[in-house]
Amino acid sequence: MKIYMSIDLEGICGTTHWDEVTRGGERYAEFQKQMTAETAAACRAALEAGATRVYVRDGHDSAENIIASELPESTVLIRGWSRHPYMMMQELDHSFDAAMMIGYHSLAGSPGSPLAHTMSTRVSAITINSLPASEFLINAYTAAYERVPVVFVSGDRALCDHASTIIPAVRTAAVKYGSGDSTVNLHPEAARNRITEQVKLALSGALSDCLLPLPESFDVAITYTSFTDAYRYSFFPGAESAGPNTIRFRSDDYFEVLKFFLFTL
Ligand SMILES: [Zn+2]
């Protein structure tokens, strides 16, 4: 069984402010370690549940956060950005049995986390077919494009609730919740234990229950915080202006949507 894991940092236990998730920040190292520990816990659980290979995609900022030597040996770590349109799902293909997302966070405009955003802090909202789009949704559609079920997600509670509305059978591990500019967190070890338990359960069920149906067409809108971004990106081939801060893009092919995101987010 081959498993794919996409990892972010804003939904890792404890992370609350931007300096904690930014390399060079005074307390970044503490949360880099917890990101690695939560990933390692998920990998070990997957291997115990029958996985033979786990691909780990470091998907945060520079994508050079996870400490490889602290992961189990049967893992492959993807670091940096090739600039392939799959972005946080780079190297995913239909040969994987299941995908998981660790450390994921609330979407732009949500009060679920002080670190809420979608892909870029320059964006105030993204919708796909009128659904508010999180990084979870964007990447879950990428998995659907490759016919890979998304069976597990960890992160803040609002993100986990959002994920359950998209894929009702997905297993979730909420490690914290946001309250204003604060977060309320499990103990780091309790967070790892919750991840371990839910990853094992996720792989013991029918994986195909978590296969997300891919829409037949996509109507995407991006609203930027600055009208100057909306003006510039409205010139992307096929995009159009839809208000001072918003652009719109339509396609029947999700890969075209991902190419649009690659150049406009
Ligand atoms: Zn991130």
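Using the numbering used here, the first residue of the sequence shown is number 1294, and each one after it goes up by one.
Here a beta-carbon is modelled for each residue, glycine too, at the ideal position from N, C-alpha and C.
Note that the coordinates shown come from a computational prediction; the quantities given were computed from them, not determined experimentally.
Which listed residue (the options) has its alpha carbon closest to that of residue i
i, options, result
"Gly1405", "Tyr1526, Ser1427, Thr1420 and Ala1483", "Ser1427"
"Val1446", "Phe1429, Thr1435, Phe1553 and Leu1551", "Phe1429"
"Arg1440", "Gly1307, Pro1508 and Pro1481", "Pro1508"
"Leu1364", "Ala1334, Val1550, Thr1465 and Asp1512", "Ala1334"
"Glu1323", "Cys1336, Ala1338 and Gly1307", "Gly1307"
"Pro1604", "Arg1346, Gly1343, Gly1396 and Thr1435", "Residue 1604 falls outside the range modelled here, since the chain spans only 1294 to 1558, and no answer is possible."
"Ser1362", "Cys1336, Ser1501 and Leu1385", "Cys1336"
"Phe1520", "Ser1367, Lys1295 and Ser1417", "Ser1417"
"Arg1415", "Met1294, Asp1522 and Ala1535", "Asp1522"
"Gly1343", "Glu1319, Glu1331, Lys1295 and Lys1326", "Lys1295"
"Leu1496", "Glu1341, Asp1312, Ala1330 and His1310", "Glu1341"
"Leu1370", "Ala1401, Asp1386, Thr1332 and His1387", "Thr1332"
"Ile1460", "Leu1500, Tyr1470, Leu1479 and Arg1316", "Leu1500"
"Ala1484", "Gly1473, Gly1396 and Ser1472", "Gly1396"
"Glu1366", "Ala1339, Tyr1321, Leu1505 and Gly1536", "Ala1339"
"Val1513", "Tyr1524, Pro1506 and Ser1534", "Ser1534"
"Asp1390", "Gly1536, Thr1345, Tyr1524 and Asn1422", "Thr1345"
DSSP state of residue i mapped onto helix, strand, coil
i, result
"Pro1481", "helix"
"Thr1516", "strand"
"Ser1375", "coil"
"Ser1497", "helix"
"Ala1340", "What sits at residue 1340 in the sequence shown is Leu, not Ala. Helix."
"Phe1528", "coil"
"Thr1368", "strand"
"Ser1510", "coil"
"Val1468", "strand"
"Met1328", "helix"
"Val1550", "helix"
"Glu1319", "coil"
"Ser1534", "strand"
"Ser1299", "strand"
"Arg1475", "The residue you asked about is not Arg; residue 1475 is Ser in the sequence shown. The answer is strand: DSSP assigns Ser1475 an E or B state."
"Val1492", "helix"
"Ser1544", "strand"
Cβ-based neighbour list, residue i, same chain, cut-off 6 Å, excluding 5 preceding and 5 following
i, result
"Ser1399", "Gly1405, Ser1406, Ala1409, Asp1449, Ala1451 and Leu1452"
"Ser1510", "Asp1545"
"Ala1392", "Tyr1297, Ala1436, Val1441 and Val1443"
"Thr1368", "Cys1336, Val1347 and Val1349"
"Gln1325", "Asn1358"
Cβ-based burial, residue i [other Cβ within 10 Å; buried from 16]
i, result
"Asp1301", "buried"
"Ser1475", "exposed"
"Ser1403", "buried"
"Asn1538", "buried"
"Leu1551", "buried"
"Leu1424", "exposed"
"Val1477", "exposed"
"Arg1487", "buried"
"Glu1384", "exposed"
"His1455", "buried"
"Ala1467", "buried"
"His1353", "buried"
"Pro1309", "Note on identity: in this sequence residue 1309 is Thr, with Pro being the wrong assignment. Buried, since its Cβ has 16 or more Cβ neighbours within 10 Å."
"Gly1473", "exposed"
"Gly1498", "exposed"
Cut-off 8 Å between Cβ atoms - residues of its own chain near residue i, not counting five sequence neighbours on either side
i, result
"Tyr1526", "Ile1515, Tyr1517, Ala1532, Ile1540, Phe1556 and Thr1557"
"Ser1457", "Val1463 and Thr1465"
"Phe1548", "Pro1378 and Tyr1438"
"Phe1529", "Ile1540, Phe1542, Phe1553, Phe1556 and Thr1557"
Own chain partners of residue i with C-beta closer than 7 Å, once the 5 adjacent residues on each side are dropped
i, result
"Glu1357", "Asp1351, Arg1372 and Gly1373"
"Asn1432", "Ser1299, Met1381, Met1382 and Met1394"
"Gln1327", "Ile1305, Cys1306, Gly1307 and Pro1481"
"Thr1329", "Ile1359, Ile1360 and Glu1363"
"Glu1622", "The chain is shown only over 1294 to 1558; residue 1622 falls outside these bounds and no answer can be derived."
"Thr1411", "Leu1400, Ala1401, Ile1419, Ala1426, Ser1427 and Glu1428"
"Cys1503", "Pro1442, Val1443, Val1444, Ile1460, Ala1462 and Val1463"
Considering only residues of the segment 1379 to 1461, which uninterrupted beta strand (DSSP E) runs meet the minimum length of 3 residues and lie entirely inside it, listed in chain order?
Restricting attention to beta strand (DSSP E) runs no shorter than 3 residues, the segment 1379 to 1461 encloses them at 1391 to 1397, 1416 to 1421 and 1443 to 1449, ordered along the chain.
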